[in-house]
Amino acid sequence: MRITFRIRILPAKFFTEFINRTYAEVLKYKVITSRKLKSRFEVPIDKIIVAGGEDEVAEFLWAHLENAHFVEVPFIAIYILLFVYVIAASYLISWIEGWSIYDGFYFVIISMLTIGFGDLVPRNQPFILLTLLTILFGLILATTFIDVVGTYYIDRLHFFGRNLDLEDSLEWLKKVQQRRLIAMKREAMRKLFETVAALQHMHIDAPNPPRNLRVTDSTADSIALTWDPPLHDNGGRGFWYTIAYRIRTPRSRNNPATVIEFITSEQYVVTGLRSFTLYRFSVATTTRFGSSKPITCHEYTEPCTVPQSLSLVALSCETATFVWDAPHKNIAPESYTVLLSQEPAPQFHSWRSYSCGNSRRFTVTELLPNTR
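Heads up, the sequence shown is in the working numbering, so the first residue is 26 and it goes up one at a time.
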């Protein structure tokens, strides 16, 4: 009997966790759907990236603490699930064995309660495995029901008993201490409300925005941004930078935005972008009291078939050596051509052309000294 009970408890424990996780996912989908319906006329945010250490993550969680919720499966859901199982299993067993619906209901109940008088026994051998699985699921569901409901009511009875048992001196002291703690909490809440009311009357200026946002490098899937710090130090308050970017199209309002928080330097490389796409970037100074007016810029990512990371590795008065990386994508064998012109650049057909084959390194010769 002990082995049987343990075998029933383990699947029931996993099934309880499965119900809790499923209910949490349903609530999550409900919240996401409701937010989508409410934010039709707002800029959608695709995801939020926290670029920082543990302190920045803790600051982010504290700022969004009001959005956290505890999830608990309501009893009505467990009741409905148990009721639906009993009805469905009764119809299934009665159909398999040719019994009446009352006999099927009776067999399911005595099997779930592990009574088993033996007056009704399944005899349809081709469906005996299906019958056993149905009864096994009922045992797991019944154990889950007892686990969820029993735990809740046992806790309630425990607290109810402690509230009634006040004759013990130790319990009486605990009760007095609990009332004292409640009074201290009320006093702390009163001071908190006074502080909040005082903060509402304080005039807190928005932080100063960053300056001179520019793009220093662009590849097929990334763009490097650089900006200058604010003119003032925002009154000595700690601040960080927030980057928001999205694809720039004629209907940009429908494009989701990605937000990157807690950037502590004046440069950042945004990765995971689409090739040959126009993006709109905005950078703002952020403190715990709010954000500044953002500065913006627009930049295209390079096509995925363009050579990447072109750089000059050697230079003399008459020669220059260039190296580059292969494109991210290519649909044919690679063959590179270097185009060179003296500034001011003439028309494109007048540029000098050098065929490099499939080599990703080339040295240009016969250059003029002191010439750009």
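Where a beta carbon is used, it is the ideal one built from N, C-alpha and C, also for glycine. For clarity, every value in this text was computed on a predicted model and none was experimentally measured.
- With respect to residue 309, residue 300 sits apart: the two C-beta atoms are not nearer than 8 Å.
- In the structure shown, residue 339 adopts extended strand secondary structure according to DSSP, grouped into three states.
- Shown here for residue 267: same chain residues with a beta carbon closer than 6 Å to its own, the five before and five after excluded, namely 286, 309, 311 in chain order.
- Looking at the DSSP output, residue 333 bridges to 350.
- Below 8 Å, too few C-beta pairs join the region 129 to 140 and the region 170 to 178 to call them touching: fewer than three.
- The shortest C-alpha to C-alpha distance from residue 172 to any of 44, 220, 291 is the one to 44.
- DSSP places residue 372 outside both helix and strand once states are collapsed to three, so it counts as coil.
- Scanning 393, 379, 362 for the CA closest to the CA of residue 368 turns up 393.
- Here residue 329 is near residue 245, since their CB atoms are less than 8 Å apart.
- Taking the CA atoms as reference points, residue 289 sits about 23 Å from residue 324.
- CA-CA distance, residue 331 to residue 352, rounds to 5 Å.
- Assignment of residue 50 by DSSP, reduced to helix, strand and coil, places it in the helix class.
- Between residue 128 and residue 168, the alpha-carbon positions lie close to 23 Å from each other.
- Under DSSP, residue 365 takes part in a beta bridge, and its partners are 377.
- Residue 370 and residue 390 have their C-alpha atoms some 18 Å from each other.
- DSSP, read as helix, strand or coil, puts residue 163 in helix.
- In the DSSP assignment, residue 288 falls within the unbroken beta strand (DSSP E) covering 282 to 288.
- When DSSP states are grouped into helix, strand and coil, residue 324 belongs to the strand group.
- Per DSSP, residue 128 is one residue of the alpha helix (DSSP H) stretching across 126 to 137.
- Rounded to the nearest angstrom, the gap between the Cα atoms of residue 52 and residue 59 is 11 Å.
- Secondary structure of residue 274 (DSSP, three-state): coil.
- Annotation: the continuous alpha helix (DSSP H) that includes residue 113 extends over 100 to 122.
- In the DSSP assignment, residue 360 falls outside any beta strand (DSSP E), carrying neither H nor E.
- DSSP places residue 345 in the strand class (E or B) of the three-state scheme.
- With contacts defined by Cβ atoms closer than 8 Å, residue 364 and residue 349 do not form a contacting pair.
- Here residue 271 is buried, its C-beta having at least 16 other C-beta atoms within 10 Å.
- Secondary structure of residue 387 (DSSP, three-state): strand.
- For residue 240 against residue 322, the beta-carbon gap comes to about 7 Å, under 8 Å, which counts as contact.
- Separation of residue 293 and residue 236 (C-alpha to C-alpha, rounded to the nearest whole angstrom) is 15 Å.
- Here DSSP, grouped into helix, strand and coil, assigns residue 248 to strand.
- For residue 150, no beta strand (DSSP E) segment is defined, and its DSSP state is neither H nor E.
- In this structure, DSSP gives residue 309 an extended state, which the three-state scheme calls strand.
- Taking C-alpha positions only, residue 234 is separated from residue 283 by approximately 20 Å.
- Its chain contains 162, 163, 166 as the residues whose beta carbon lies nearer than 8 Å to that of residue 110, once the 5 sequence neighbours on both sides are disregarded; these appear in chain order.
- Rounded to whole angstroms, the separation of the alpha carbons of residue 326 and residue 302 is 5 Å.
- Residue 319 and residue 61 have their C-alpha atoms some 25 Å from each other.
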